[in-house]
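Sequence lines, in order, name chains A and B. For the first sequence, the residue numbers in the numbering used here are 1 to 282. For the second sequence, the residue numbers in the numbering used here are 1001 to 1282. Built from N, CA and C at the ideal position, the CB exists for glycine as well. For clarity, every value in this text was computed on a predicted model and none was experimentally measured. Read through the structure below, which is laid out as structure tokens, and then see the notes.
There are 2 protein chains.
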Amino acid sequence: MRVIPAVKEMQAEVLNQKAQGKSIGFVPTMGFLHEGHLSLIKKAREENDLVVLSIFVNPLQFGPNEDFATYPRDFERDRALAESEGVDFLFYPSVEEMYPNPSSVTLVVQKRTDVLCGKSRPGHFDGVATVLAKLFQIVQPTRAYFGKKDAQQVAVVEGLITDLNFPVELVPVDIVREADGLAKSSRNVNLLPEDRKQAVVLHKSLQQAKKVMDEGERNPSTLISLIKEMITSESSGRIDYIELLSYPQLLPIERLEGKFIIALAVHFTNVRLIDNFILEIN
Amino acid sequence: MRVIPAVKEMQAEVLNQKAQGKSIGFVPTMGFLHEGHLSLIKKAREENDLVVLSIFVNPLQFGPNEDFATYPRDFERDRALAESEGVDFLFYPSVEEMYPNPSSVTLVVQKRTDVLCGKSRPGHFDGVATVLAKLFQIVQPTRAYFGKKDAQQVAVVEGLITDLNFPVELVPVDIVREADGLAKSSRNVNLLPEDRKQAVVLHKSLQQAKKVMDEGERNPSTLISLIKEMITSESSGRIDYIELLSYPQLLPIERLEGKFIIALAVHFTNVRLIDNFILEIN
Chain A
1 MRVIPAVKEM QAEVLNQKAQ GKSIGFVPTM GFLHEGHLSL IKKAREENDL
51 VVLSIFVNPL QFGPNEDFAT YPRDFERDRA LAESEGVDFL FYPSVEEMYP
101 NPSSVTLVVQ KRTDVLCGKS RPGHFDGVAT VLAKLFQIVQ PTRAYFGKKD
151 AQQVAVVEGL ITDLNFPVEL VPVDIVREAD GLAKSSRNVN LLPEDRKQAV
201 VLHKSLQQAK KVMDEGERNP STLISLIKEM ITSESSGRID YIELLSYPQL
251 LPIERLEGKF IIALAVHFTN VRLIDNFILE IN
Chain B
1001 MRVIPAVKEM QAEVLNQKAQ GKSIGFVPTM GFLHEGHLSL IKKAREENDL
1051 VVLSIFVNPL QFGPNEDFAT YPRDFERDRA LAESEGVDFL FYPSVEEMYP
1101 NPSSVTLVVQ KRTDVLCGKS RPGHFDGVAT VLAKLFQIVQ PTRAYFGKKD
1151 AQQVAVVEGL ITDLNFPVEL VPVDIVREAD GLAKSSRNVN LLPEDRKQAV
1201 VLHKSLQQAK KVMDEGERNP STLISLIKEM ITSESSGRID YIELLSYPQL
1251 LPIERLEGKF IIALAVHFTN VRLIDNFILE IN
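As structure tokens, then:
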């Protein structure tokens, strides 16, 4: 595995490989790898000639009061994990390398952003889209792998790839969970012990909502109320949102049908956690 | 030469060619080709294995009161010219093909737009950047050729390529002029006979300004006044702007030094014409 910190070197390498007909699987991350990331890498490894993993904590997608400074980082551990998963190139640029001067051009996401995380994180998805547009140019992926935990991100990336004609196949990968159901997240490490115990309620409430739906409930409000009640009674977490929307359009629906997402975000002491189920009724 | 109207077919073709190590020269145009365009094609032909010409009148870069509807079009003539210049692929998509639905993502140009044409054409360069980002994905150029007549566009594209890391070499090509000095433009065909005669003053005034500069003048205001006076006295054109700025940064300068542009735009009866000199004093 080669670690490449320079944009020009990374780009020259993949352009050279692509000129030889090689396919490139790309896993963009902010590092502090967990089993969720590893499942993306494994899938990329299976489906492509070469695998590029990027680790870059992108300041553009953090708001002024968000956790850019405290976002967990451990490069040596990440490097060892990447190597053991058979990554070919680990792209690890500095902020200065990615943004040498204030950008003269940025991307603005016009749709799918005024709901879920986008509502409380203005500009977040503009930052995601801008860094991904750059990374897609630098890494030239044939396929790009994203976790369904960030379901709104997957929806935004789907729009980005389609509307700007990136020749990239988007591959969404299922959420990986702890034994007790908590979705794997780099941020979990910042949970206080008591919060960690309570955090299981996120997944539990989604399961309960699915159960009620399987029994025939078709009213979105009923499911949302049920989840809200469970989280409030079984944790001290402060609910940011619980929403039920069509997927990937992320528009409100009045009755459960077609493909939709139930998604939630809850603040604990040091960490805001998200989780979701993407479901389909036909 | 193959004419390709479909995005997917164009992209598949160039990706296939690039996987065989071929270089691609790209000339993006709005059609109604003149000798200026042909000089871009000739240069692309010399420097690349394959040449892609695109013809697309991009609605996104026209304002509501601009000439999208009357912009001159003559596809059969353009096709014959492209063929005779040795173009390999003529990409000729419909508006529906390029923008099948309202875009969920657009590009916003943050710099170099509040001067020259950008000042009187709000959103114009956002539309240019958005369509070029798409075209760069669809055509996958090794090199892209742009005329220096649209000098602000060249400056914006330079920022776009650098800041979003497009692996594309920007090749600016000199202005081609009529025998009397008028810069070639697709819009010249819409000039009334009397306006056509008077329009020669644009180039003449730039030459006069350069002469005065060569004789030692270093004050931008003096040159601007001189140009303004010539245009006003020798034509009935209405001046949109006459500006003198650093290039490609497009920032005001107080004294002529380094690389700079003298650019102007003048409204005639049916047409707004632009012209410029890019000069350097060291």
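Distance between beta carbons of residue j and residue i, contact taken as under 8 Å
i                  : j                  : result
Ile1231 of chain B : Val1201 of chain B : 5 Å
Ala44 of chain A   : Tyr145 of chain A  : 5 Å
Glu1085 of chain B : Lys1148 of chain B : No, Glu1085 of chain B and Lys1148 of chain B are not in contact; Cβ-Cβ is about 19 Å, not under 8 Å.
Leu223 of chain A  : Val115 of chain A  : Wrong, their Cβ atoms sit about 16 Å apart, outside the cutoff.
Glu1083 of chain B : Met1001 of chain B : 5 Å
Glu1097 of chain B : Pro1193 of chain B : No, Glu1097 of chain B and Pro1193 of chain B are not in contact; Cβ-Cβ is about 38 Å, not under 8 Å.
Leu1060 of chain B : Val1139 of chain B : Not quite, the Cβ-Cβ distance comes to about 17 Å (not below 8 Å), so this is no contact.
Ala129 of chain A  : Val109 of chain A  : 5 Å
Phe1032 of chain B : Asp1074 of chain B : 6 Å
Asn48 of chain A   : Arg143 of chain A  : 6 Å
Val27 of chain A   : His37 of chain A   : 7 Å
Leu107 of chain A  : Leu1107 of chain B : 6 Å
Tyr71 of chain A   : Val3 of chain A    : Contact doesn't hold; Cβ gap of about 20 Å is too wide.
Met340 of chain A  : Phe89 of chain A   : The structure shown has nothing for residue 340 of chain A, since chain A only spans 1 to 282.
Leu191 of chain A  : Val271 of chain A  : 5 Å
Ile262 of chain A  : Ala209 of chain A  : 6 Å
Residue-chain proximity (residue i, chain B), Cβ-Cβ < 8 Å
i                 : result
Val7 of chain A   : yes
Arg112 of chain A : yes
Interface partners of residue i on chain B, CB under 8 Å
i                 : result
Val109 of chain A : Ser1104 and Val1105
beta-carbon residue i near the ligand SAM non-hydrogen atom, thresh 7 Å
i                  : result
Ile1274 of chain B : With respect to the ligand SAM, the structure shown offers nothing to examine, as it has no ligands at all.
For this session: Say whether the region 1173-1185 of chain B touches the region 1236-1246 of chain B, bearing in mind that this needs 3 or more beta-carbon pairs closer than 8 Å, one atom from each stretch.
Result: no
Exercise. Does the region 148-161 of chain A come within contact of the region 14-33 of chain A, defined as at least 3 CB pairs closer than 8 Å?
Worked result: no
For this session: Select from the region 146-168 of chain A all residues with a C-beta closer than 7 Å to any C-beta belonging to chain B, and list them in chain order.
Result: Gly159, Leu160, Asp163, Leu164, Asn165, Phe166 and Pro167
Exercise. Using Cβ-Cβ distances below 8 Å, what residues of the region 7-28 of chain A are close to chain B?
Worked result: Val7, Gln11, Leu15, Lys18, Ala19, Gln20 and Gly21
Problem set entry | Residues in the region 1123-1144 of chain B having any Cβ partner in chain A nearer than 7 Å | Ala1129, Ala1133, Lys1134, Gln1137 and Ile1138
For this session: Kindly confirm or deny that the region 252-261 of chain A and the region 215-223 of chain A touch, where touching means at least three C-beta pairs closer than 8 Å.
Result: yes
Exercise. Can you find at least 3 beta carbon pairs, one from the region 124-132 of chain A and one from the region 59-68 of chain A, that sit closer than 8 Å?
Worked result: yes
Exercise. Between the region 1102-1117 of chain B and the region 155-174 of chain A, are three or more C-beta pairs nearer than 8 Å?
Worked result: yes
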